[in-house]
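Numbering (the working numbering), first residue to last: 274 to 736. For glycine and all other residues, C-beta sits at the position ideal for the given N, C-alpha and C. This report refers to the structure that appears directly beneath it.
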């Protein structure tokens with residue numbers, strides 16, 4: 274007990290410095306020059322449990338090559354950024370793909386906010402960053418601190434080469450080069466708004482804006498061409514639909530992507546009674562192997578979520594100890610709230626193992642989660658965490674992201690990173706990969722129905 278008090282005292286003195294370091298490192302890791310995962314963490318408390326590879330694998334098995342893509346304008350803006358940077362560099366302007374891509378996305382969202390009364394919307398980033406901004410020169414907009422640290426283009430770095438819009442060369446956005454298909458997408462979207470500034474088209478004007486240090490013009494054509502709130506031109510949407518079905522390498526999962534697209538389109542066209550979907554009936558468009566992977570992925574995601582619930586309950590229990598914020602493994606009794614979550618975790622993990630899937634990381638994790646020794650299970654989970662809670666000398670103690678007043682309530686969502694949601698009316702099979710819902714929204718966008726299906730962003734979720 275005395276040792277716990279000493280740990281508490283030392284932790285209290287050290288935590289501000291540690292959290293300062295963590296925050297600094299966090300900002301460094303989220304700099305615009307780095308490519309992030311498809312689901313972008315909004316907060317320091319995000320815990321992966323060392324399961325990132327398995328999460329990515331199951332999402333890729335669900336809808337190959339989609340990444341975090343969920344509406345067509347994301348593809349246009351990112352591809353336009355690559356192409357504009359290429360053109361600017363031929364004019365001896367020193368600019369990277371990342372700088373150009375982020376700047377174009379920033380002014381696109383700025384245009385959207387100006388025209389919707391600066392209301393929150395899942396298609397727009399930078400609610401606070403872009404508020405009140407004027408005199409937008411490229412020199413200002415290209416700076417990392419001007420716009421959000423996690424632009425939309427970071428979530429679609431996989432989709433751009435998978436759909437044939439860029440040659441990757443490497444996994445980093447700065448190495449991307451626009452393909453003829455990417456050029457065709459830009460032309461199909463931009464041609465309907467040309468000229469947008471005197472005799473200049475959208476691409477030429479943006480290259481000039483980057484090259485000459487001028488302020489962004491207040492052109493309605495440019496704003497509509499770029500704004501994520503405005504639908505793409507029909508020819509551009511047709512090209513995206515074509516690439517979803519045929520883009521990328523033949524062996525890269527085209528068949529599964531087409532099958533998933535056919536399924537979500539059937540759901541879109543179905544009546545309300547046919548939109549309550551479960552694991553008991555496989556859709557006609559999805560073959561057995563694909564369906565089994567989708568179901569196994571859902572079981573794995575459920576086990577992961579139950580593991581996080583165990584850690585949340587344990588954090589609350591540790592925080593409730595007041596001056597003794599630690600839990601002695603093998604000595605302290607496991608709180609009832611934690612024990613209940615451990616029971617739910619065991620059931621969820623066994624459900625995944627019963628699927629017989631071959632993902633090594635997921636199998637190892639779920640085997641750990643059914644260990645008959647509850648104390649060992651708790652210790653193993655905390656060792657996978659090490660951010661909110663950590664193991665030290667046989668005790669569970671606060672980590673750098675621990676909250677003294679933890680209540681078990683979920684962390685507030687960052688509106689710039691909040692996932693889009695489909696309005697009420699569709700019940701997907703429990704736990705299915707988020708890529709299925711994203712593909713549904715993308716398909717709705719291709720049919721001019723995104724506004725109908727996209728759940729409105731609540732004002733209280735402001736960034």
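Span separating the alpha-carbon of residue i from that of residue j
i           : j           : result
residue 364 : residue 477 : 12 Å
residue 518 : residue 512 : 10 Å
residue 676 : residue 558 : 46 Å
residue 621 : residue 642 : 9 Å
residue 374 : residue 391 : 22 Å
residue 572 : residue 540 : 22 Å
residue 722 : residue 637 : 42 Å
residue 507 : residue 352 : 17 Å
residue 468 : residue 543 : 41 Å
residue 579 : residue 564 : 23 Å
residue 334 : residue 645 : 31 Å
residue 562 : residue 569 : 11 Å
residue 718 : residue 347 : 11 Å
residue 613 : residue 623 : 16 Å
residue 355 : residue 649 : 50 Å
residue 609 : residue 713 : 40 Å
residue 640 : residue 321 : 17 Å
residue 394 : residue 724 : 11 Å
residue 607 : residue 386 : 50 Å
residue 331 : residue 706 : 8 Å
residue 711 : residue 420 : 24 Å
residue 617 : residue 599 : 24 Å
residue 473 : residue 499 : 15 Å
residue 267 : residue 423 : Nothing about residue 267 can be reported from this structure: the residues present for the chain run from 274 to 736 only.
residue 481 : residue 379 : 17 Å
residue 403 : residue 418 : 11 Å
residue 450 : residue 371 : 12 Å
residue 597 : residue 319 : 25 Å
Where residue i falls: helix, strand or coil (DSSP)
i           : result
residue 291 : With a pLDDT of 39 at residue 291, under the threshold of 50, the modelled position of this residue cannot be trusted, and the question is left open.
residue 473 : strand
residue 365 : coil
residue 696 : coil
residue 653 : helix
residue 606 : coil
residue 601 : strand
residue 648 : helix
residue 628 : helix
residue 403 : coil
residue 488 : strand
residue 549 : strand
residue 319 : coil
residue 727 : strand
residue 454 : helix
Opening and closing residue of the beta strand (DSSP E) in which residue i lies
i           : result
residue 671 : 668-671
residue 663 : 662-665
Residue burial classification, residue i (beta-carbon count within 10 angstroms, cutoff 16)
i           : result
residue 460 : buried
residue 398 : buried
residue 666 : exposed
residue 661 : buried
residue 396 : buried
residue 545 : exposed
residue 611 : buried
residue 304 : Only weak support is given to the placement of residue 304: the predicted model assigns it a pLDDT of 34, under 50, and the question is left unresolved by the model.
residue 619 : buried
residue 453 : exposed
residue 554 : exposed
residue 700 : exposed
residue 287 : Unreliable placement is indicated for residue 287, whose pLDDT of 46 sits below 50; the coordinate value is still reported in the next sentence. By the 10 Å Cβ count, residue 287 comes out exposed.
residue 603 : exposed
residue 376 : buried
residue 367 : exposed
residue 444 : exposed
residue 285 : Since pLDDT at residue 285 reaches only 45, below the 50 mark, its modelled position is unreliable, and no value is offered.
residue 703 : exposed
Span of the alpha helix (DSSP H) around residue i
i           : result
residue 324 : Looking at the DSSP string, residue 324 is not in any alpha helix (DSSP H), and its letter there is neither H nor E.
residue 445 : Premise fails: residue 445 is in no alpha helix (DSSP H) and is neither H nor E.
residue 415 : Neither: residue 415 is in no alpha helix (DSSP H) and is coded neither H nor E.
residue 560 : Looking at the DSSP string, residue 560 is not in any alpha helix (DSSP H), and its letter there is neither H nor E.
residue 713 : 707-719
residue 421 : Note, residue 421: premise wrong, no alpha helix (DSSP H); not H, not E.
residue 512 : 507-519
residue 434 : 432-435
Contact test: residue i Cβ vs the ligand ZN heavy atom, cutoff 7 Å
i           : result
residue 726 : In terms of ligand content, the structure shown is empty, and the ligand ZN therefore cannot be addressed.
Note to self: Quick test of the definition: if touching needs 3 or more C-beta pairs under 8 Å, does the region 425-444 touch the region 329-346?
What the structure shows: yes
Next item on the list: Assess, as a yes-or-no matter, whether the region 635-654 is touched by the region 581-593 under the definition of 3 or more beta carbon pairs within less than 8 Å.
Entry: yes
Next item on the list: Check whether the region 591-599 touches the region 722-729, counting contact only when three or more Cβ pairs, one atom from each stretch, lie closer than 8 Å.
Entry: no
Check: Is it true that the region 523-543 meets the region 485-500, where meeting means three or more beta-carbon pairs spaced less than 8 Å apart?
Finding: no
Next item on the list: Kindly confirm or deny that the region 481-493 and the region 400-417 touch, where touching means at least three C-beta pairs closer than 8 Å.
Entry: yes
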